[in-house]
Amino acid sequence: MTSIHLGFETTTVTLPLEWILPTRIVAKTVLKTSKYRSILASVRKVGVIEPLAVFPEKGSDGSPHYILLDGHLRLHALKEIGATSTICLVSTDDEGFTYNRRVARMTAVQEHRMILRAIQRGVPAEEIAEGMAMDVKRIQERQHMLDRIAPEVAEMLKDCMVTPAIFPLLRKMKPMRQIEATEMMILANRFTVSYAKVLLAATRPEYLVDSDKPKKLEGVSAEDIARMEREMERLSRDYRAVEGSLGDTMLALVVTRGYVSKLFRNEAISDFLDRHHPELAFEMRSIIEAVGGDARMLDR
Numbered sequence: 001m002t003s004i005h006l007g008f009e010t011t012t013v014t015l016p017l018e019w020i021l022p023t024r025i026v027a028k029t030v031l032k033t034s035k036y037r038s039i040l041a042s043v044r045k046v047g048v049i050e051p052l053a054v055f056p057e058k059g060s061d062g063s064p065h066y067i068l069l070d071g072h073l074r075l076h077a078l079k080e081i082g083a084t085s086t087i088c089l090v091s092t093d094d095e096g097f098t099y100n101r102r103v104a105r106m107t108a109v110q111e112h113r114m115i116l117r118a119i120q121r122g123v124p125a126e127e128i129a130e131g132m133a134m135d136v137k138r139i140q141e142r143q144h145m146l147d148r149i150a151p152e153v154a155e156m157l158k159d160c161m162v163t164p165a166i167f168p169l170l171r172k173m174k175p176m177r178q179i180e181a182t183e184m185m186i187l188a189n190r191f192t193v194s195y196a197k198v199l200l201a202a203t204r205p206e207y208l209v210d211s212d213k214p215k216k217l218e219g220v221s222a223e224d225i226a227r228m229e230r231e232m233e234r235l236s237r238d239y240r241a242v243e244g245s246l247g248d249t250m251l252a253l254v255v256t257r258g259y260v261s262k263l264f265r266n267e268a269i270s271d272f273l274d275r276h277h278p279e280l281a282f283e284m285r286s287i288i289e290a291v292g293g294d295a296r297m298l299d300r
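If you read the sequence shown in our numbering, its first letter stands for residue 1, the second for the next number, and so on.
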């Protein structure tokens, strides 16, 4: 089986704050925003549960330094409350732009796991709600969000920006159908409630927890439902066929990316393309960035 380079170390480390070097200055105006105040309250009440992303780099004096790729507001909040160290996720490369572009905020599954860890540490739900600027009821809903959800589904959706409202719909399906529906959402890159309702409506009764057929979608006939069932089954087969060849395809893309990256490191070639074929150069650089990010995401 093809081995793909991991984007991060498999375990977290605890680092002194003085070793972590920010790559940008947090503006004073940002410190007055509700977002920062929410982060500060969360760090003060719950602590940092989502690790900072860093890249190791030795200082000129040989001392250990870590470049901060993601988590500038969390780092500032830690310093403000007087913390001296924090947990970090160590990157194997320093492509902070790619990382930040893909991890803009916490996913629903990550948020769920963060809340569970806080509760296991003995933090009351009221304090978590205050720290995350949420209603206590929402904290309780997030706590039980993955109840009766197949573990495979939680793993597939851990890095996807899904709306928590899809999980009650998935719970109406049996585990194998939950997995199939999740594969369809990933294949279509659609994680909305409306799409989840379509998948539920297209589910055969024997694959539902309650064997009674779910309510029909407004404006959708029985024939439409039957056609959706057949289409979903066909898409599921196609997904598995594509999944089987994904490793070889990604390997080819990564090898190609390496070759093109080497070309662009040649200043003469890079300059020639920029001057005579700027559109081609732009597209090639976009492909280099996209393939590099996708390879890391595949391994997470």
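Here a beta-carbon is modelled for each residue, glycine too, at the ideal position from N, C-alpha and C.
Original post:
Taking the C-alpha atoms as reference points, what is the distance between valine 30 and histidine 72?
Top reply: Taking the first residue of the sequence shown as position 1, residue 30 is located at position 30. Taking the first residue of the sequence shown as position 1, residue 72 is located at position 72. Approximately 11 Å, taken between the alpha carbons.
Subject >> Those runs of the alpha helix (DSSP H) which lie wholly inside the region 150-203 and span at least 4 residues >> reply: For the region 150-203, whole alpha helix (DSSP H) runs of length 4 or above, ordered along the chain, are 151-156, 166-170, 175-188 and 193-201.
Subject >> Cβ separation of isoleucine 87 and valine 48, assumed to be a contact under 8 Å, to the nearest whole Å >> reply: For the purposes of this step, residue 87 is identified with residue 87 of the sequence shown, where counting begins at 1. For the purposes of this step, residue 48 is identified with residue 48 of the sequence shown, where counting begins at 1. The pair is a contact, with the Cβ atoms about 6 Å apart (cut-off 8 Å).
**OP:** Go ahead and label leucine 15 buried or exposed: buried means 16 or more other beta carbons lie within 10 angstroms of its beta carbon, across all protein chains shown.
**Re:** As a working mapping, residue 15 is identified with position 15 in the sequence shown. Buried: at least 16 other Cβ atoms inside 10 Å.
**OP:** May I have the straight-line CA-CA distance separating isoleucine 288 from phenylalanine 282, to the nearest angstrom?
**Re:** Mapped onto the sequence shown, residue 288 falls at position 288. Mapped onto the sequence shown, residue 282 falls at position 282. Between isoleucine 288 and phenylalanine 282, the alpha-carbon positions lie close to 10 Å from each other.
Original post:
What are the boundary residues of the alpha helix (DSSP H) that includes aspartate 271?
Top reply: Position 271 of the sequence shown, counted from the start, is the residue given in the question as residue 271. 267-276 is the extent of the alpha helix (DSSP H) around aspartate 271.
Subject >> With 16 other Cβ atoms within 10 Å as the buried cut-off, status of aspartate 147 >> reply: Residue mapping note: residue 147 aligns to position 147 of the sequence shown, counting from 1. By the 16-neighbour rule on beta-carbons within 10 angstroms, aspartate 147 is exposed.
Original post:
How many whole angstroms separate the CB atoms of leucine 68 and leucine 89, which I take to be in contact at a CB cut-off of 8 Å?
Top reply: Taking the sequence shown and counting its residues from 1, one reaches residue 68 at position 68. Taking the sequence shown and counting its residues from 1, one reaches residue 89 at position 89. That pair is no contact at about 11 Å.
**OP:** Name the one or two DSSP bridge partners that isoleucine 87 has.
**Re:** Counting from one through the sequence shown, the residue named residue 87 turns up at place 87. Beta-bridge partners assigned by DSSP to isoleucine 87: Thr14.
Original post:
Just the Cα atoms here: how many angstroms apart are valine 13 and glutamate 279?
Top reply: For the purposes of this step, residue 13 is identified with residue 13 of the sequence shown, where counting begins at 1. For the purposes of this step, residue 279 is identified with residue 279 of the sequence shown, where counting begins at 1. Rounded to the nearest whole angstrom, the CA to CA distance from valine 13 to glutamate 279 is 42 Å.
Original post:
Going by C-alpha distance, which of Arg117, Ala150 and Ser270 is nearest arginine 142?
Top reply: In the sequence shown, the residue the question calls residue 142 occupies position 142. Of Arg117, Ala150 and Ser270, the residue nearest in Cα terms is Arg117.
**OP:** Take the Cβ of leucine 169 as the centre, count every other Cβ of all protein chains shown within 10 Å, and call the residue buried at 16 or more, exposed below.
**Re:** As a working note, residue 169 is residue 169 in the sequence shown. Here leucine 169 is buried: its Cβ has 16 or more other Cβ atoms, across all protein chains shown, within 10 Å.
Subject >> glutamate 80 versus glutamate 127: straight-line alpha-carbon distance, rounded >> reply: As a working mapping, residue 80 is identified with position 80 in the sequence shown. As a working mapping, residue 127 is identified with position 127 in the sequence shown. So the alpha carbons of these two residues sit roughly 19 Å apart.
Original post:
Roughly how many whole angstroms lie between the Cα atoms of glutamate 111 and asparagine 266?
Top reply: Start at 1 with the first residue of the sequence shown, and residue 111 comes out as number 111. Start at 1 with the first residue of the sequence shown, and residue 266 comes out as number 266. Cα to Cα, the separation comes out at about 43 Å.
Original post:
Can you tell which of Pro151, Val46, Gln120 and Val123 has its C-alpha closest to the C-alpha of valine 109?
Top reply: Walking along the sequence shown from the start, residue 109 turns up at place 109. Comparing alpha carbon positions, the residue from Pro151, Val46, Gln120 and Val123 closest to valine 109 is Pro151.
**OP:** Provide the residue span of the beta strand (DSSP E) that contains isoleucine 67, from first to last.
**Re:** By one-based count along the sequence shown, residue 67 stands at place 67. Note, isoleucine 67: beta strand (DSSP E), 64-70.
Subject >> Spatial neighbours of leucine 273 in its chain, beta-carbon cut-off 7 Å, leaving aside the 5 residues before and after >> reply: Here residue 273 corresponds to residue number 273 of the sequence shown, with the count starting at 1. Closer than 7 Å at Cβ, skipping near neighbours: Leu280 and Ala281.
**OP:** Please look up how many angstroms separate the CB atoms of valine 54 and arginine 74, rounded, as I've assumed it's under 8 Å.
**Re:** Counting from one through the sequence shown, the residue named residue 54 turns up at place 54. Counting from one through the sequence shown, the residue named residue 74 turns up at place 74. Not confirmed; about 12 Å, so no contact.
Original post:
Thinking just about the alpha-carbon of each residue, which of Ser194, Ile186 and Glu180 is nearest to the one in threonine 203?
Top reply: Residue numbering aside, residue 203 sits at position 203 when the sequence shown is read from its first letter. It is Glu180 whose Cα lies nearest to the Cα of threonine 203.
**OP:** Would you kindly report the start and end of the unbroken alpha helix (DSSP H) that includes isoleucine 139?
**Re:** The sequence position of residue 139 within the sequence shown is 139, counting from 1. It spans 136-143 - the alpha helix (DSSP H) in which isoleucine 139 sits, taken as one unbroken run.
Original post:
Quick one: Cα of tyrosine 195 to Cα of serine 85, how far?
Top reply: Indexing the sequence shown from 1 puts residue 195 at position 195. Indexing the sequence shown from 1 puts residue 85 at position 85. Each residue's Cα considered, the two are about 43 Å apart.
Original post:
Just the Cα atoms here: how many angstroms apart are valine 103 and aspartate 70?
Top reply: For the purposes of this step, residue 103 is taken as the residue at position 103 of the sequence shown. For the purposes of this step, residue 70 is taken as the residue at position 70 of the sequence shown. For valine 103, the predicted model reports a pLDDT of 42, less than 50, meaning its position is unreliable; a value from the coordinates is still stated below. Rounded to the nearest angstrom, the two C-alpha atoms are 9 Å apart.
Subject >> Host alpha helix (DSSP H) of serine 38 (start-end) >> reply: Looking up residue 38 in the sequence shown gives position 38. Element bounds for serine 38: 34-45.
Original post:
With 16 other CB atoms within 10 Å as the buried threshold, where does valine 209 fall?
Top reply: Translated into positions along the sequence shown, residue 209 becomes position 209. So valine 209 counts as exposed.
Original post:
Are the beta-carbon atoms belonging to methionine 185 and leucine 200 less than 9 Å from one another?
Top reply: Along the sequence shown, read from residue 1 onward, the residue named residue 185 stands at position 185. Along the sequence shown, read from residue 1 onward, the residue named residue 200 stands at position 200. No. Outside cutoff.
**OP:** With distances taken Cα to Cα, identify the nearest neighbour of valine 153 among Pro175, Lys262, Gln140 and Arg257.
**Re:** In the sequence shown, the residue the question calls residue 153 occupies position 153. Comparing Cα positions, the closest option is Pro175.
Original post:
What is the DSSP secondary structure of glutamate 283, reduced to helix, strand or coil?
Top reply: Counted from its first residue, the sequence shown places residue 283 at position 283. Secondary structure of glutamate 283 (DSSP, three-state): helix.
**OP:** Identify, in the order they occur along the chain, each residue of the same chain with its Cβ nearer than 6 Å to the Cβ of methionine 156, setting aside the five sequence neighbours on each side.
**Re:** The residue labelled residue 156 in the question sits at position 156 within the sequence shown. So the qualifying residues of the chain are Thr182.
**OP:** For the alpha helix (DSSP H) holding alanine 108, just list the boundary residues, first then last.
**Re:** Here residue 108 refers to the residue found at position 108 of the sequence shown. Its alpha helix (DSSP H) spans residues 108-120.
**OP:** Run the CB neighbour count on isoleucine 269, radius 10 Å, all protein chains shown included, and call it buried at 16 or more, exposed below.
**Re:** As a working mapping, residue 269 is identified with position 269 in the sequence shown. The residue is exposed, with fewer than 16 neighbouring Cβ atoms inside 10 Å.
Original post:
Straight-line CA distance for proline 205 to methionine 173?
Top reply: Within the sequence shown, residue 205 is the residue found at index 205, counting from 1. Within the sequence shown, residue 173 is the residue found at index 173, counting from 1. Approximately 9 Å between the Cα atoms of the pair.
Original post:
Expressed to the nearest angstrom, what Euclidean distance is found between the alpha-carbon atoms of lysine 137 and arginine 171?
Top reply: Taking the first residue of the sequence shown as 1, we reach residue 137 at position 137. Taking the first residue of the sequence shown as 1, we reach residue 171 at position 171. Going by the C-alpha atoms only, they are around 20 Å apart.
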